[in-house]
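Q: Chains as they are written, first to last, in our numbering: chain H, 16 to 415; chain Z, 61 to 219; chain Y, -17 to 155.
Below: one structure in structure tokens.
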Amino acid sequence: MNNKSAIKNNSDFKVMEINMGPQHPATHGVLRLKLELDGETVVKCTPIIGYLHTGIEKTMENKTYLQALTCTDRMDYLGPLLNNLGYSLSVEKLFELEIPPKAQWARVILAELTRLNSHLVWVGTHALDIGAMTVFFYTFREREVLLKLFEDCSGQRMMTSYIRPGGLYYDLPPNFEKSVRNILNTFPSAIDEYEDLLTNNQIWINRTKGVGVITAEDAIAYGLTGPSLRGSGVNYDVRKANPYSGYENFHFEVPLGSNGDCYDRYLCRIAEMRQSLKIIHQAIDGLPEGPYRSDNRKFVLPPKQEALTGMEPLIHHFKLIAHGIIPPTKGESYVPIESGKGELGFYIVSDGTNKPYRVKVRPPCFVNLSAIHKMVEGRLVADVIAVIGSIDIVLGEIDR
Amino acid sequence: MAVDRLLRDGLILTTVDRVVNWARKSSIWPLGFGLACCAIEMMSTLASRYDLARFGAEVMRPSPRQADLMIVAGRVSINMAPVLKRLYDQMPNPKYVISMGACASSGGIFRNYAIVQGVDKIVPVDVYVPGCPPRPEQLIHGINLLQEKIMTHRSQGRK
Amino acid sequence: MTVPEIIEKLKDRFPDGIRETLVFRGDYWIRVDNEVHYDLMKSLKEEYGFNFLMDVVGVDYPRRKERIEVIYNLYSLGEHLRLFVKIRAGGDIVPRSVTDLWPSANWMEREVFDMLGVQFANHPDLRRILMRDDFPWHPLRKDFQLTSDEIDFGVPIRTKPPKHIKDEPDRLE
Chain H
16 MNNKSAIKNN SDFKVMEINM GPQHPATHGV LRLKLELDGE TVVKCTPIIG
66 YLHTGIEKTM ENKTYLQALT CTDRMDYLGP LLNNLGYSLS VEKLFELEIP
116 PKAQWARVIL AELTRLNSHL VWVGTHALDI GAMTVFFYTF REREVLLKLF
166 EDCSGQRMMT SYIRPGGLYY DLPPNFEKSV RNILNTFPSA IDEYEDLLTN
216 NQIWINRTKG VGVITAEDAI AYGLTGPSLR GSGVNYDVRK ANPYSGYENF
266 HFEVPLGSNG DCYDRYLCRI AEMRQSLKII HQAIDGLPEG PYRSDNRKFV
316 LPPKQEALTG MEPLIHHFKL IAHGIIPPTK GESYVPIESG KGELGFYIVS
366 DGTNKPYRVK VRPPCFVNLS AIHKMVEGRL VADVIAVIGS IDIVLGEIDR
Chain Z
61 MAVDRLLRDG LILTTVDRVV NWARKSSIWP LGFGLACCAI EMMSTLASRY
111 DLARFGAEVM RPSPRQADLM IVAGRVSINM APVLKRLYDQ MPNPKYVISM
161 GACASSGGIF RNYAIVQGVD KIVPVDVYVP GCPPRPEQLI HGINLLQEKI
211 MTHRSQGRK
Chain Y
-17 MTVPEIIEKL KDRFPDGIRE TLVFRGDYWI RVDNEVHYDL MKSLKEEYGF
33 NFLMDVVGVD YPRRKERIEV IYNLYSLGEH LRLFVKIRAG GDIVPRSVTD
83 LWPSANWMER EVFDMLGVQF ANHPDLRRIL MRDDFPWHPL RKDFQLTSDE
133 IDFGVPIRTK PPKHIKDEPD RLE
């Protein structure tokens, strides 16, 4: 900031304004930045967002609770199952729904696999932006394995809508355990491979170390969450602080950085991938038997066979399909979860009808992006690319 | 005949249109233009498993002035519509548009105030690829269809 | 210190300011008056350690005189506590921005302004954030319709004014 006032005082210098985006290969979507440059140094950086504003919150108000779930997939499209989970937990809190243990365990596995998926795309594209193209091909190779598993579960590669209020959409596929164990066996060496390519790579270190520094105080003041916050050394992980969906049963560590620069955020995410594998390992070992969704017939569809033979299940089926699920009371609920990017939460206001009165998303990327000027001002324009990559933004979630 | 002998020696008879079309379709340069979810599947199409390079369309150009195919990958908001139109106008002729995914083709599940209900309201679309998001195979199929379309191009007379 | 204790202390400190306390499914809400809102937020941050502003939510209740309810989602990193502070805005009531307490409020309040049309006093940069600057409506208000007429290219703004829902019964009150 001192830099800027110095320039304004001296009439010899001129600040050049350049526009970056919304169509730019390194802005991860349609982010637009207005940069004021003094030579190569960024004096001021103003993000302009809204180029992907989809009206998701308004759309969700006009859909029933289950229909609204499909919209959540399309927000953070790198972690659709995490979004499903966040929304389902909020709805379940509102409805006071109990979830059987198998569904909870399966949710943890799927959520951690989705976190891996999100981090894989992040490390690939982040490296691609800075100039290391190989990593991109490696991470997308592993990502296909994950997508295959999601497809086995739900029939869709990305927009799964698999985790639903009440449990899961359908039982886990028969080869689920085998596929997960296969992932557990192959992923550690794959992560080693990325680390071989990047962690001690001098170019990578030069491009990321000491770049985009944000102090712990600033990170808290600006509301950063997720790896962007933990890269600055603040120990806040929703899975530890407010455990949900049975995370209190698993042993894992929260990787922390110390400098708050791009390199520390990178190390945090890589370490987080290893911790995710650790959680999946425990969860698949202890995956309980039992039903995959709640048997509360007021909120969860009865099995087809029951609906075909019994009167009462038929009525429930009819009511659920025709009206959707109806919350027992008016009220507001919020459950935070740790998505790949930070604290994600759905604030749902219910008026006691079959449609939510208001759904507000707490988007981690939106808040993380709002601190970007703290990280880039005073740095070189090339560092902006590294910073955008390192805070891992998804525009679908920022603009909603 | 003399022509017979020339043909035996490696001469090929063809039309200028065919050669030009063949060259065009074999190296489509798409504009690297990701909007939303479909952009991730577009990246998958380019990456290791699906490898769009097999069809000569892997060179994503960051600048519209070097591109001849625009893959509209994702929903187009009303804020983005003027930008998209400008990018299309900046592309040199001949230019093609693939509308990838349900949102770009028709608005998809987002029938609301913020989303343009189909990108064909703004730019002419050559191939629609359905799906939400389409699988990489579907996008490759769409590009193949576009290649067939390019082969039918005639420089004079009937198009 | 637990959240109920904090609420009791706040009640002692601002006896007339806190209109309502609500407990629902284990979460705590307090509804405060505009007069004490800023001071209360300041004391929450500085005395009770709510150093994290997670989110600012706006909800539209078109039947009320102060139609927009703004909900601040506060979190304390030290004690892992969460408290929701509600304030009713709209009409004559313009809440004071808390951007100087939590810089993260900047974008969040801008979003509430953009989507619901709440003005915040003392906000450093109250502009639209998601919609374009010349968009004439606030989309998340209840009297704004979800769908629209087809948008023509060139003027990608709809021209039909939103239909008012005065005739419909209010779902809440």
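In this text, a Cβ means the ideal position worked out from N, Cα and C, and glycines have one as well.
Check the Cβ of Tyr148(Z) against every Cβ in chain Y and list those closer than 9 Å, keeping chain order.
A: Those do not exist, as Tyr148(Z) stays about 11 Å from chain Y at its closest Cβ, beyond 9 Å.
Q: Once you ignore the five residues that flank Arg312(H) on each side, which residues in its own chain have a CB closer than 6 Å to its CB?
A: Correct list, in chain order: His331.
Q: Which residues in the same chain as Ile268(H) place their Cβ atom closer than 7 Å to its Cβ, once the five residues preceding and following it in sequence are excluded?
A: Correcting the residue type first, residue 268(H) is Glu in the shown sequence and not Ile. Contacts found: Gln290.
Q: Between the alpha carbons of Tyr80(H) and Leu35(Y), how many angstroms are there, rounded?
A: Distance between the alpha carbons of Tyr80(H) and Leu35(Y): 27 Å.
Q: Determine the closest residue to Met130(Z) out of Glu197(Z), Gly70(Z), Glu208(Z) and Tyr188(Z), with distance taken between C-alpha atoms.
A: Closest option to Met130(Z), Cα to Cα, is Tyr188(Z).
Q: Looking only at its chain, what residues have a beta carbon closer than 6 Å to the beta carbon of Tyr278(H), apart from the 5 residues adjacent to it on each side?
A: Cβ neighbours of Tyr278(H) beyond the five flanking positions: Thr223 and Lys224.
Q: Ser204(H) to Gly275(H), Cα distance in whole Å?
A: Near 27 Å, if we compare the C-alpha coordinates of Gly275(H) and Ser204(H).
Q: Please report the Cβ distance between Leu67(H) and Leu91(Z), rounded to the nearest whole angstrom; I am assuming they are in contact, meaning their Cβ atoms lie under 8 Å.
A: The Cβ separation is near 17 Å, so there is no contact.
Q: Could you check the C-alpha separation between Asp64(Z) and Leu71(Z) for me, to the nearest Å?
A: Straight-line Cα distance between these residues: approximately 9 Å.
Q: Spatial neighbours of Glu132(Y) within its chain, please: CB distance less than 6 Å, with the 5 preceding and 5 following residues excluded, ordered by chain position.
A: Residue placement at Glu132(Y) cannot be trusted, given a pLDDT of 45 that sits under 50; the coordinates are not used to answer.
Q: Tell me which residues of the segment 68 to 88 of chain H have at least one Cβ-Cβ distance to chain Y shorter than 9 Å, keeping chain order.
A: Answer in chain order: His68, Gly70, Glu72, Lys73, Thr74, Glu76 and Asn77.
Q: Could you work out which residue in Met390(H), Asn383(H), Gln82(H) and Lys73(H) is closest to Pro242(H) when comparing CA atoms only?
A: The shortest Cα separation from Pro242(H) among Met390(H), Asn383(H), Gln82(H) and Lys73(H) belongs to Asn383(H).
Q: Could you tell me whether any Cβ in chain Z is nearer than 8 Å to the Cβ of Glu208(H)?
A: Cβ-Cβ to chain Z under 8 Å: no for Glu208(H).
Q: Is it right to say Met31(H) is buried, meaning 16 or more other beta carbons lie within 10 angstroms of its own, or is it exposed?
A: So Met31(H) counts as exposed.
Q: Under 8 Å between the Cβ atoms of Ser417(H) and Asp167(H)?
A: In this structure chain H extends from 16 to 415, so residue 417(H) is not present and cannot be described.
Q: Within its chain, find whatever has a CB closer than 8 Å to the CB of Cys98(Z); leave out the 5 residues flanking it on each side and keep chain order.
A: Around Cys98(Z): Ala133, Gly134, Met160, Gly161, Cys163, Ala164, Pro193 and Pro194.
Q: Anything in chain Z within Cβ reach of Leu128(Y), meaning under 7 Å, just list it in chain order.
A: By Cβ distance, chain Z contributes Asn172 and Tyr173.
Q: Flag Pro44(Y) as yes if its beta-carbon sits less than 8 Å from any beta-carbon of chain Z, otherwise no.
A: It does not: the Cβ of Pro44(Y) has no partner Cβ on chain Z nearer than 8 Å.
Q: When the distance is taken between beta carbons, is Ala231(H) closer than 8 Å to Val249(H)?
A: Yes.
Q: Ends of the beta strand (DSSP E) at Asp82(Y)?
A: Per DSSP, Asp82(Y) belongs to no beta strand (DSSP E) and is neither H nor E.
Q: Between Ile12(Y), Thr(-16)(Y) and Leu83(Y), which has its C-alpha nearest Pro(-3)(Y)'s C-alpha?
A: Answer by Cα proximity: Ile12(Y).
Q: Let's test the definition: count the other Cβ atoms within 10 Å of the Cβ of Arg92(Y) and tell me whether it reaches 16, buried, or not, exposed.
A: By the 10 Å Cβ count, Arg92(Y) comes out buried.
Q: I need the straight-line Cα distance from Lys78(H) to Thr129(Y), nearest angstrom please.
A: If I take the Cα positions, the gap works out to 13 Å.
Q: Does the beta-carbon of Trp84(Y), which I'm using as the reference point, lie nearer than 7 Å to any heavy atom of the ligand MN?
A: For the structure depicted, the ligand MN is absent and the ligand set is empty, with no information on it obtainable.
Q: Count the other CB atoms, across all protein chains shown, that sit within 10 Å of the CB of Arg109(Y); report buried if there are 16 or more and exposed otherwise.
A: Exposed: under 16 other Cβ atoms inside 10 Å.
Q: When you compare the CB of Pro121(Y) with every CB in chain Z, is at least one pair closer than 8 Å?
A: Pro121(Y) counts as touching chain Z.
Q: From the DSSP output, which residues share a beta bridge with Lys49(H)?
A: Its beta-bridge partners are Asn34(H) and Thr61(H).
Q: Under 8 Å, do Gln38(H) and Leu66(Z) count as touching if we go by C-beta distance?
A: Against a cut-off of 8 Å, the Cβ pair of Leu66(Z) and Gln38(H) comes out as no contact.
Q: Give the list of continuous beta strand (DSSP E) stretches no shorter than 3 residues that lie fully inside the segment 336 to 365 of chain H.
A: Complete beta strand (DSSP E) runs here, min 3: 346 to 353 and 358 to 365.
Q: Hey, out of Tyr30(Y), Pro44(Y) and Leu56(Y), whose CA is closest to Asp37(Y)'s CA?
A: For the residues Tyr30(Y), Pro44(Y) and Leu56(Y), the minimum Cα distance to Asp37(Y) belongs to Leu56(Y).
Q: Using a beta-carbon distance cut-off of less than 7 Å, what residues from the segment 84 to 98 of chain Z approach chain H?
A: Cβ contacts with chain H come from Gly92, Phe93, Gly94, Leu95, Ala96 and Cys97.
Q: To test your reading of the DSSP string, which unbroken beta strand (DSSP E) runs of 3 or more residues are found completely within the segment -17 to 13 of chain Y?
A: Listed in chain order, the complete beta strand (DSSP E) runs (minimum 3 residues) inside the segment -17 to 13 of chain Y are 0 to 6.
Q: Among Arg45(Y), Arg46(Y) and Leu65(Y), which has the Cα closest to the Cα of Ile53(Y)?
A: Among Arg45(Y), Arg46(Y) and Leu65(Y), the Cα nearest to that of Ile53(Y) belongs to Leu65(Y).
Q: Can you name the residues of chain Z whose CB is closer than 9 Å to the CB of Arg109(Y)?
A: Chain Z residues near Arg109(Y): none, gap ~14 Å exceeds 9 Å.
Q: From Tyr262(H) to Ala126(H), what does the alpha carbon distance come to, in whole angstroms?
A: Using only the alpha carbons, I get a separation of about 11 Å.
Q: Closest to Ile145(H) by C-alpha separation, out of Ser354(H), Ile341(H), Ile400(H) and Gly94(H), would be which residue?
A: Among Ser354(H), Ile341(H), Ile400(H) and Gly94(H), the Cα nearest to that of Ile145(H) is on Ile400(H).
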